[in-house]
């Protein structure tokens, strides 16, 4: 199952980019044997300033056809890392060929697009900068692959 991060904004070189690249590489390596990956990051940017609605149009174009779509949103479901890993395994085992996570811009995700999603995931009640949310999501994807592989990365 291919995994795609569809995100608003372009990430420049720096520590966040380095962390994301590292976790993407780790996920691709550990996920391959599990039928997970590759992990692709698709960045979109509304250069005309059309707000959430314009960003939603661009995000919809970035989402692979037929993908299970999960929005990152503070109103989403709180999951433990093992539960998140099981969610990913379930989507894979249900025959989904693509899984897409969407991260909105500064104003969040357009409500109409959020309503179209298969689910919403929260990293807590606090709102995180979308660049940090990318880092946290890529780490959790790598952690999920490690959990599913039985690797010692995740400790309880």
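Numbering (the numbering used here), first residue to last: 303 to 458. Backbone N, C-alpha and C define an ideal beta-carbon position, used for all residues, glycine too. None of the values given here were measured: they were computed from a predicted structure.
Taking Cβ to Cβ, would you say residue 338 is nearer than 9 Å to residue 394?
yes
Give me the Cβ distance between residue 443 and residue 305, rounded to the nearest whole Å; I'm assuming they're in contact under 8 Å.
6 Å
For residue 348, I'd like the list of residues in its chain whose CB is within less than 8 Å of its CB, leaving aside the five on either flank, ordered along the chain.
310, 356, 357, 360 and 407
Starting from residue 421 and walking both ways along the beta strand (DSSP E), at which residues does that stretch end?
421–424
Cβ shell of residue 319 (< 8 Å), same chain only, five flanking positions each side left out:
Non-local C-beta neighbours of residue 319 in its own chain, meaning closer than 8 Å and more than five positions away in sequence, comprise 313, ordered along the chain.
Please return the same chain residues whose Cβ sits closer than 8 Å to the Cβ of residue 363, not counting the five positions on each side in sequence.
Excluding residues up to 5 positions away in sequence, 346 lie with their Cβ nearer than 8 Å to the Cβ of residue 363 in the same chain.
For residue 330, which residues from the same chain have a beta carbon less than 8 Å from its beta carbon, with the 5 sequence-adjacent residues on both sides left out?
339, 340 and 341
Quick one: Cα of residue 390 to Cα of residue 446, how far?
8 Å
Bridge partners - residue 400, DSSP secondary structure assignment
304
Range of the contiguous alpha helix (DSSP H) that encloses residue 359
Counting along the chain, the alpha helix (DSSP H) containing residue 359 begins and ends at 353–364.
Straight-line Cα distance separating residue 321 from residue 392:
27 Å
Excluding the 5 residues preceding and the 5 following residue 377 in the sequence, name in chain order all residues of the same chain whose CB lies nearer than 6 Å to its CB.
none
Name, in chain order, the residues that DSSP records as bridge partners for residue 370.
401
Taking the continuous alpha helix (DSSP H) assigned at residue 418, which residues delimit it?
413–418
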